[in-house]
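Quick notes on the structure that follows.
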Amino acid sequence: MPNYKTKFNQSWLNKLDSNGNSVKSWLKQGSSETTFICTICRTSDLDCSSKGWKAVEQHMQNEKLKNNLNALKNNSQLTFSISAITSSTSSSHTIQLVDPKKPLLFDRSSVTN
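Per our numbering, the very first residue in the sequence shown carries number 788; after that it's consecutive.
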């Protein structure tokens, strides 16, 4: 009996995660055709050769991923107010976060030198 292995399927990227968002934002094929990685959890290759999509669903139940998805959802929008301060010699703008207790998270790809 042949030993069939499930390959990472690009159509999985059209599916939704537990927050109702496309898994495309965090699911990528791993280094082989039978593995995947989670860019949010920064995993090494996870095997999908025997369980296929069920392996991805199993990872979605991981508490770390759930927490990371919620953090991403809660920090996805930066809201701030701008007020202008003028004097006779100069003017400046002050940017203030609407919710100063909400942490700002930066990805390396969003920061330029």
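Glycine included, each C-beta is placed from N, C-alpha and C at the ideal position.
Practice task
For residue 850, count neighbouring Cβ atoms within 10 angstroms of its own Cβ and tell me buried if that reaches 16, exposed if not.
Solution key: exposed
Exercise for the section: Would you decide whether residue 831 is buried or exposed? Buried here means 16 or more other CB atoms lie within 10 Å of its CB. Expected result: If you draw a 10 Å sphere on the C-beta of residue 831, you find fewer than 16 other C-beta atoms in it, and that means exposed.
Problem - Assigned secondary structure, residue 815 (DSSP; H/G/I helix, E/B strand, else coil) - result: strand
Handout entry: CB of residue 836 within 8 angstroms of CB of residue 802, strictly
Key = no
Exercise for the section: With a cut-off of 8 angstroms on the beta carbons, I'd call residue 825 and residue 856 a contact; round off their distance for me. Expected result: Actually they are not in contact, since the Cβ atoms of residue 825 and residue 856 sit about 10 angstroms apart, beyond 8 angstroms.
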